[in-house]
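Chemist: Residue numbers (UniProt numbering), protein chains in the order written: chain A, 1 to 427; chain B, 1 to 427. Heads up, the beta-carbon is just placed ideally off N, CA and C, and yes, glycines get one too. Note that the structure is predicted; figures quoted are calculated from it, not measured. Here's a structure for you.
Here it is, written out as structure tokens:
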């Protein structure tokens with residue numbers, strides 16, 4: 001099956017106008033996608049890099065840099081691990097990472113588009129497409145380079161085989177109840193107290209058992225907002241806090257001591273996502289508050305160390321910063337170390353694509369939803385052909401074939417940057 | 001002083017034809033530069049990202065993404081730390097890293113161009129421009145975010161103050177003798193045995209006391225080549241080996257056991273540059289062979305951990321993967337932990353720019369050349385207006401103002417990709 005063309009679109013949403021998505025490090029994001037359409041003889045696959053505005057064109061350039069490796073070549077849907085390695089091991093493009101930054105994100109978008117296509121060809125939503133593979137097939141998707149000191153392919157096969165009993169029951173339960181979610185909608189830093197209180201109250205009424213607040217810009221403000229949120233939701237609802245990498249190690253520890261009276265459930269991104277040892281030090285100091293990170297963790301090697309060092313309680317993979325094949329490796333590592341995966345989502349389209357990974361994890365890898373929640377943000381879902389559905393605080397399991405990554409043609413056209421109507425009409 | 005324009009050039013050299021630069025991970029590099037010219041009212045500054053071919057255009061796109069933050073703004077040559085932070089803290093562009101990959105390399109190229117200009121305006125080579133700053137001024141260049149658990153700005157000032165005695169003598173010695181170099185010229189993987197033996201013999205005759213061999217593709221071959229090299233140079237010359245990230249942790253340990261009889265001095269890039277804990281495990285296992293890495297280490301946070309974890313004996317910063325301000329922080333961290341810095345060089349222009357950092361380190365930071373050597377590769381120097389000069393195995397201290405980053409206009413024109421004459425005329 002031949003790849004006919006690789007299209008890349010620069011698509012941006014002017015979200016900074018409403019301070020949706022504002023946090024201590026990212027005051028004015030314009031949620032954006034470097035959007036891929038992989039045209040093949042068997043149909044189209046869709047994927048994207050998620051960015052927050054400026055620089056989206058760099059991801060578009062990076063996607064185009066892979067074109068000579070993709071267009072015109074045979075795509076074997078039974079060897080998507082090999083396809084991904086062909087992109088990720090290209091020595092010249094790898095030099096720009098290695099395995100991080102714009103080229104790694106671009107490769108992930110293309111790999112995800114190939115999985116979207118493969119699931120569509122199989123007539124299954126991606127979560128079921130992955131869960132239906134044999135353990136050996138799942139293990140073959142991953143790139144095991146740099147991982148074998150923590151987990152070997154043979155051990156991973158064993159781990160997946162151990163998870164097979166109960167699969168049918170879990171799948172039925174997932175289809176019936178969905179996958180547990182938490183919501184970040186109330187907690188953006190730019191929101192007023194009234195808006196925070198109203199959205200927090202609504203979240204509880206809608207069935208969510210966890211919300212998340214952005215923190216890290218001003219300690220007194222954070223203490224006040226956290227107190228307000230705790231008062232509104234009561235003691236039975238988990239409140240996670242998220243500093244978006246704002247602090248040094250010592251600062252993180254001090255700040256969390258001040259927030260401790262309000263019983264934060266986890267502190268997310270307390271410091272640089274590169275700082276494995278820093279997260280380990282913070283975790284030791286702020287327990288029983290949990291430490292979470294992952295949305296900016298560059299690759300499986302970094303996650304391996306976060307797990308080896310005992311640096312995190314919660315692993316927050318992102319469905320677009322690395323592709324499906326690498327996320328399969330990350331899910332296997334998390335299972336090996338017994339750390340729950342609570343993925344990052346939000347932005348544009350991240351909820352749509354990442355739900356498939358959590359559901360695959362539940363059915364075929366960890367086999368559990370214990371202490372696992374999937375982030376939900378109520379933004380921009382209307383631009384997708386198969387948007388997420390939240391029912392009583394749970395993600396409903398998608399039934400349509402594919403990875404739910406496809407944007408509506410009119411959304412692509414209107415939000416094309418800089419020529420689309422939305423950008424031309426901005427005041 | 002206003003920035004008038006930010007130019008970005010895609011410049012490539014067809015080095016893959018001769019297998020110059022071939023190693024176990026990079027079989028066919030075409031050394032390339034995403035080259036920056038910073039035009040200001042006070043003159044021009046030059047800098048570049050180094051890449052190995054495909055993807056150079058992604059760095060060009062990333063440089064252009066910074067244009068709105070640079071062109072038309074005032075550049076205060078007395079606050080280059082602030083200028084660098086203005087680029088590196090841009091939240092939207094930072095999202096593509098953070099602080100890694102194409103955008104981080106692009107910011108580094110622009111920051112380096114600003115330092116090239118500042119040194120030219122001061123009428124000094126960069127090494128002397130930096131060494132003549134007061135300790136507080138040097139410390140103000142660095143971005144201390146994420147570093148304070150290992151080194152505070154106040155401690156860094158103290159460290160620099162402690163290094164002040166003997167400066168004049170060191171500077172005089174440097175100008176007289178130069179800075180010790182080692183050569184990678186003999187060791188590329190694609191070279192024949194005859195070429196390896198001839199170049200190794202020549203290196204010793206020219207006064208080098210250390211050479212480096214690429215390894216990692218085939219163990220039997222490596223044992224044979226290492227034996228040949230040791231036979232040619234004798235026991236008194238250090239032979240470093242470089243695996244260019246080819247191995248997993250266990251593999252690295254086994255491979256180095258097989259090479260141990262030939263007394264390798266250091267093993268460079270045994271595994272992923274992201275694997276701090278992996279390097280620490282390898283170091284424990286292969287001692288007394290030293291462990292070195294750095295050319296692909298993304299930023300100061302990763303170096304901080306390599307030092308905190310006792311993972312490296314030799315720190316190999318690269319002058320282009322991060323900019324001068326970040327390399328100042330890295331030199332300070334290395335001094336704090338007592339680890340010698342032996343920078344990565346080679347490629348195109350890396351020798352020219354990095355020599356300034358080693359010489360600054362010697363005069364003003366570590367104050368020592370003990371166990372410090374600067375990589376030298378005899379490639380492509382003829383394209384620079386102020387090329388490095390090697391005298392009896394030492395880099396001669398540059399005397400011309402600036403960072404030695406400027407390419408000749410005819411080299412830029414001939415190697416412009418894809419339109420330059422060198423590329424048009426390729427068979």
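1. Buried or exposed: residue 53 of chain B, going by 16 or more other Cβ atoms within 10 Å of its Cβ?
2. Can residue 175 of chain A and residue 109 of chain A be called in contact, C-beta distance under 7 Å?
3. Comparing alpha-carbon positions, which option in B/107, B/94, B/251, B/326 lies nearest residue 218 of chain B?
4. Determine, for residue 324 of chain A, whether the minimum Cβ-Cβ distance to residues of chain B falls below 7 Å.
5. Taking Cβ-Cβ distances shorter than 8 Å, what residues in chain B pair up with residue 214 of chain A?
6. Among all the DSSP beta bridges, which residues are the ones paired with residue 180 of chain B?
7. Can you pull out the residues from the stretch 89-121 of chain A whose beta carbon lies closer than 9 Å to at least one beta carbon of chain B?
8. Closer than 9 Å by beta-carbon distance: list the chain B residues that pair up with residue 148 of chain A, in chain order.
9. Report buried or exposed for residue 272 of chain B, applying the criterion of at least 16 other Cβ atoms within 10 angstroms of its Cβ.
10. So the beta strand (DSSP E) residue 39 of chain B belongs to, where does it begin and stop?
11. Taking 7 Å as the CB-CB limit, is residue 185 of chain A close to chain B?
12. Taking 7 Å as the CB-CB limit, is residue 51 of chain A close to chain B?
13. Cα-Cα, which of A/88, A/292, A/304, A/404 is closest to residue 385 of chain A?
14. At what residues does the beta strand (DSSP E) containing residue 214 of chain A begin and finish?
15. Do the CB positions of residue 394 of chain B and residue 180 of chain B come within less than 7 Å of each other?
16. Please name the residue, chosen from B/192, B/243, B/247, that lies closest to residue 228 of chain B on a Cα-to-Cα basis.
17. Work out the CA separation of residue 226 of chain A and residue 262 of chain A for me, nearest whole Å.
18. Which of the residues in the stretch 293-323 of chain A, read from start to end, lie with their CB under 7 Å from any CB of chain B?
19. Within a Cβ cutoff of 8 Å, which residues of the same chain sit near residue 239 of chain B, ignoring the five residues on either side of it in sequence?
20. Residue 158 of chain A: buried (16+ other C-beta within 10 angstroms of its C-beta) or exposed?
21. Give a yes or no on whether the minimum CB-CB distance between residue 277 of chain B and chain A is below 7 Å.
22. Which chain A residues sit within Cβ distance under 9 Å of residue 342 of chain B?
23. In terms of DSSP beta bridges, what is residue 5 of chain B paired with?
24. Along the chain, which unbroken stretches of the beta strand (DSSP E) at least 3 residues long are found entirely within the stretch 219-275 of chain A?
25. Thinking just about the alpha-carbon of each residue, which of B/60, B/342, B/313, B/337 is nearest to the one in residue 156 of chain B?
26. Taking C-alpha atoms, which residue in B/388, B/399, B/346, B/390 lies nearest to residue 21 of chain B?
27. Can you check whether the CB of residue 51 of chain A is closer than 7 Å to the CB of residue 95 of chain B?
28. Once you ignore the five residues that flank residue 106 of chain B on each side, which residues in its own chain have a CB closer than 8 Å to its CB?
29. Does residue 374 of chain A come out as helix, strand or coil in the three-state DSSP assignment?
30. With three or more beta-carbon pairs closer than 8 Å as the criterion, would you say the stretch 286-302 of chain A touches the stretch 182-192 of chain B?
31. Three or more C-beta pairs closer than 8 Å, one from the stretch 114-130 of chain A and one from the stretch 71-85 of chain A: is that the case here?
32. Rounded C-beta distance between residue 85 of chain B and residue 143 of chain B? I'm assuming under 8 Å.
33. Any C-beta of chain B sitting closer than 7 Å to the C-beta of residue 285 of chain A?
34. Taking only the alpha-carbon atoms, compute the straight-line gap between residue 425 of chain B and residue 373 of chain A and give it to the nearest angstrom.
35. Assuming residue 325 of chain B is part of the alpha helix (DSSP H), what are its boundary residues?
36. My guess is that residue 126 of chain B and residue 294 of chain B are in contact by the Cβ rule of under 8 Å, so how many angstroms apart are they, rounded?
Modeler: From the atom records:
1. buried
2. no
3. B/251
4. no
5. Chain B residues near residue 214 of chain A: none, gap ~13 Å exceeds 8 Å.
6. B/394
7. 89, 90, 91, 92, 93, 94, 95, 96, 97, 98, 99, 100, 101, 102, 103, 104, 105, 106
8. 248, 249, 250, 251
9. buried
10. 32-40
11. no
12. yes
13. A/404
14. 210-214
15. yes
16. B/192
17. 7 Å
18. 296, 298, 299, 301, 302, 305, 308, 309
19. 210, 211, 212, 213, 226, 229, 230, 233, 262, 263, 264, 265
20. exposed
21. yes
22. Simply none; closest approach about 21 Å.
23. B/39
24. 238-242, 264-268
25. B/337
26. B/346
27. yes
28. 34, 49, 59, 62, 63, 65, 66
29. strand
30. no
31. yes
32. 6 Å
33. no
34. 58 Å
35. 324-337
36. With a Cβ gap of about 20 Å, residue 126 of chain B and residue 294 of chain B do not count as contacting.
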